[in-house]
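Here the numbering used here is used: the first residue of the sequence shown is 1, the next is one more, and so on. Positions of the beta carbon are idealized from the N, C-alpha and C atoms, including for glycine. Only a predicted model underlies this, so the values are computations on that prediction, with no experimental measurement involved.
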Amino acid sequence: MTLHRPITVIDLGGQYAHLIASKFRGLGYHAVIADPEAPLEEIAKSCGVVLSGSPSLSAYDEDGSAVRRILDLPLPILGFCFGHQEIAKHYGGTVIHGQPEYGPSTLTITRESPIFRGVPEKSVVFMSHGDTVTAVGPGFHEIGTSAAGDGPVHRFAALADEERRRWGFQYHPEVDDSVYGHVMLGNFAELCGCEKTWDAAHLLPEKLEAIRRDAAGRDVFLLVSGGVDSSVVAELLLQALPPERVHMLHVDTGFMRDQESAEVRRLFEDRVGERFHFVDASARFFEALAGVVAPEEKRRIIGELFITVCEEEMSRLSLSDALLAQGTIYPDTIESGGTRRAHVIKTHHNRVPLIEEMIRAGRVLEPIADLYKKEVRDLGRALGLPAAWIDRHPFPGPGLAVRVLNADGRVPEELGSVQAGVDAAGWPAGVTATVLPLRSVGVKADLRSYELPLCLSGPRPDEDLVAARLKTLTGINRIVWNLGPAFDRVTVVPGDCTPERVRTLQAADALVTAALRGQGLMDAVWQFPVVLLPLSFSDDPAGCAVVLRPVSSERGMTARVPGLPQAFFDQVVPRILALAGVTTVLLDLSTKPPGTIEWE
C-alpha cells in the first residue's frame, strides 16, 4: 500500500498524544508521532500538524522555540489543550494560570467554522487542564465556549484563524468522552487534504515483519498472563517466527484471580506444549511486599521480581541469550512517564527501571507497545484469535497486589484540612460526606495526584454533583458511595498484602464476575476492578472495606462509570458483606480523570 503524506502529531508530553494518532488511523488517515525537536524538514512533509496537550508549561524552554518553529510552517495546524494555548500565545493571545476544568463539559459553538462541520451547536467534550486562554491575537476568533453543568462559561474553548489555517481546542477531541470529537478530527484531516490510506489490514503484516526484523534469528521468551495483550503477542510471535524459537513463561505471583493461573497454564500448554513454562513464585512475592505501603514501591518490587524470576528460568533453560518479549501497550508507557515529556502517573510492572535498562541494551521485544487496547483487540481479530481471548476484561500486570491497599496505621496529615473543605462545600439533604483516611492514585491535568477519596452516604448522589465536586474539591481525586450499613467512624487497619487478604479479595472478585456473567452484564463494562481497603467501617479492629469500580472505556486513557441495574447490586453487596472481615461495600463513582481506573 502506498501511504500519502501523514498527519504528524507533535508529542508535547500529554497523556493522550498517541491516542490522537490512533484516532486518525481509526478514521482511515495515516498519522505519525514526532518530537517537537524532530527535523523540521521531516515535519514539513506532513499534510497537517496536531499539537498535543502537555502536563505543564515548564515542559519547554521559556521562549517556546521548539513549538514556535513548527507554528511557522505553512501547514494546517490544530492544537489541543496546551497545544491550543501555545497557538494562542504565539499569535498574540493571553494564557493565565487557573480556571481548571476536569471531565465532561458542554461545548457551545459561537461562530461557524469548517472544523465544526456536522457538529451540533452544543455537544459534550472532555476537559483536563489547569490553564486557560483569556484573549486571542489579530486574525483569531473565538468559535466555542464551554461550561460544566450550571457552572461558569469558559471563554475561548475553541479558537480559529481560518486564513492562516490555525485552530485550537481547549478540550480533548481525541478521547471517546468527546462525543463529536471524531467528527472534528475528520474535518481537520479533510481541511489538510489528507487521503484515507490506512486500514486494519495494513497493521498485521507490518507487525509480523517488525518481529522478524527485531528478533534477527534469536529465540524469544514471552511472559504471558493470559490477558488480551500477552495473548495477542503470543499469536504474533507464533505466526512471525519458527515455533521452536518461541518460548513462554507464566509466573504465578499469588496475585491472580481465583483459579486463573491454572486456566492460563491449561490454555498455553495446549497451544505450545513443552515450550510453555510455569513457575509458582507466590511465596517470594508475598515476602517481598511485606511492610510496603507506597504504590510506586509496590509496583517497582513486583516488576523487578518478575524479571528476576524470568531470568532465572531463562538461565535454567539455557535461554539467557533470548529476547524477552512483553505485552506492553501504549498506556503502560505513557502512564509510567516513558515518553520524553510525559509525567509518571503510575509505574507499570513492565516499565520498572530494570526493564528500561534491558530495553536500552536491546534485550526486549514489545510488538504492540505503540497500540491502545482497542487496537490490540482489532489486531487479535485480524490474527484469527477467538472472541473469548480478545474480549476479556483488562487485568493489571501486578494483579491483585495493586488492588489490595496496604497501611501502616498512620492517618494522612492533610485529612483534617481536606475534611474542612468538604464540609464547607455543602451537600444535599440526607447526604453525609466523609473523607477517607488513606490516599489513592489519580491524574489531574496530565499530572499524578496522590490524594484522598471522599465517601458519600445516603441517597445515591447525582452524576453531575459528583463531577462538579471532583473538579472543585481540593485534595480529593475520587468519590465513592457507601452501599453497606451506616457507620459512625472509619479506622485505618495496619496490614500488608498477605495471602489472607488476597483470598478475601479473590472471593469478592469472583462474586462480582459470577453476577456479571449470570445477569448477562459482562459486555456492559470494559473493566471491573474490585479493591480491598485497609479501613474498618465498624468496631471490628481487623475489618476491611471492598470497593466496586466498574468502568466504561475503549482505550483506558479515560473512563466513565456505567449504569448497572439495581438487581446486580442486590445480588452482589450482601454476598460480599458476608465475607469474613468485610465491614462495608463502596461504589467508586469517579471518572478518569481525576480518578485512575486502578486505585494504585
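{"query": "From which residue to which residue does the beta strand (DSSP E) around L12 run?", "result": "No beta strand (DSSP E) holds L12; DSSP gives it neither H nor E."}
{"query": "Alpha carbon to alpha carbon, how far is V220 from P562?", "result": "40 Å"}
{"query": "Apart from the five residues just before and just after P541, which ones in its own chain have a Cβ nearer than 8 Å to its Cβ?", "result": "T491 and V493"}
{"query": "Restricting to Cα atoms, I'd like to know which of A445, R392 and G28 is closest to L521.", "result": "R392"}
{"query": "Out of A515, F537 and C544, which has the shortest C-alpha to C-alpha gap to A567?", "result": "A515"}
{"query": "So, does the region 542-553 touch the region 523-534, judging by three or more C-beta pairs under 8 Å?", "result": "yes"}
{"query": "Among the candidates E209, G543, V573 and H30, whose CA atom is the shortest distance from the CA of K45?", "result": "H30"}
{"query": "Let me check you understand the geometry: is the CB of G137 closer than 6 Å to at least one non-hydrogen atom of the ligand MG?", "result": "In the structure shown, the ligand MG is absent, as is every other ligand, since no ligand is present at all."}
{"query": "How do the region 399-406 and the region 503-511 stand: do at least 3 beta-carbon pairs fall below 8 Å, yes or no?", "result": "yes"}
{"query": "Under DSSP, the alpha helix (DSSP H) around C47 begins and ends at which residues?", "result": "Unbroken run through C47: none, as it is neither H nor E."}
{"query": "Taking I368 and D229 to be in contact with their CB atoms under 8 Å, please state how far apart those CB atoms are, rounded to whole angstroms.", "result": "6 Å"}
{"query": "Out of F528, V411 and P114, state which residue places its alpha-carbon closest to the alpha-carbon of P76.", "result": "P114"}
{"query": "Along the chain, which unbroken stretches of the beta strand (DSSP E) at least 3 residues long are found entirely within the region 515-560?", "result": "530-533 and 544-548"}
{"query": "Can you confirm whether the region 529-540 touches the region 425-442 when touching is taken to mean that 3 or more C-beta pairs between the two stretches lie within less than 8 Å?", "result": "yes"}
{"query": "Of the residues L548, G543 and E304, which one's Cα is nearest the Cα of F528?", "result": "L548"}
{"query": "Using DSSP's beta-bridge definition, name the partner residues of W167.", "result": "L78 and A160"}
{"query": "Could you give the residue range of the alpha helix (DSSP H) that holds W389?", "result": "A387 to I390"}
{"query": "Select from R5, F24 and E86 the residue whose C-alpha is nearest the C-alpha of P36.", "result": "E86"}
{"query": "At the level of alpha carbons, what is the spacing between L12 and V232?", "result": "30 Å"}
{"query": "Who pairs with C455 in a beta bridge, going by DSSP?", "result": "T434 and V480"}
{"query": "Check each candidate in F286, S105, R266 and P428 and name the one with the smallest Cα separation from V153.", "result": "S105"}
{"query": "Can you give me the C-alpha to C-alpha distance between W198 and E375, rounded to a whole angstrom?", "result": "13 Å"}
{"query": "Would you please state the rounded distance, in angstroms, between the beta carbons of V251 and V183? I believe it to be under 8 Å.", "result": "About 45 Å; that fails the 8 Å criterion."}
{"query": "Hey, could you find the ends of the alpha helix (DSSP H) G26 is sitting in?", "result": "A17 to G26"}
{"query": "If contacts are defined as beta-carbon pairs under 8 Å, then S24 and L185 qualify, I think. What distance do you get, rounded to the angstrom?", "result": "The amino acid at residue 24 is misidentified as Ser; the sequence shows Phe. Contact holds; Cβ gap of about 6 Å."}
{"query": "Please state whether the Cβ-Cβ distance between G48 and Y91 is less than 7 Å.", "result": "no"}
{"query": "Just how far apart, CA to CA, sit R68 and Y372?", "result": "30 Å"}
{"query": "Taking the alpha carbon of T513 as the reference point, which residue from D258, V119 and P412 has its own alpha carbon closest?", "result": "D258"}
{"query": "Hey, W167 and A160 are a contact pair by Cβ (cut 8 Å); roughly how many whole angstroms apart?", "result": "5 Å"}
{"query": "Based on the DSSP secondary-structure assignment, which residues constitute the bridge partners of F276?", "result": "M248"}
{"query": "Taking the CB atoms as reference points, tell me whether K444 and P593 lie closer together than 7 Å.", "result": "yes"}
{"query": "For P205, is the classification buried or exposed, using 16 other Cβ atoms within 10 angstroms of its Cβ as the cut-off for buried?", "result": "exposed"}
{"query": "Which partner residues does D588 have in the DSSP bridge list?", "result": "V480"}
{"query": "Rounded to whole angstroms, what's the CA-CA distance from R478 to V585? Just pull it up for me.", "result": "15 Å"}
{"query": "With H, G and I counted as helix, E and B as strand and the rest as coil, what does DSSP make of A580?", "result": "coil"}
{"query": "With distances taken from CA atoms, which of Q170, A189, R111 and I576 is nearest R5?", "result": "A189"}
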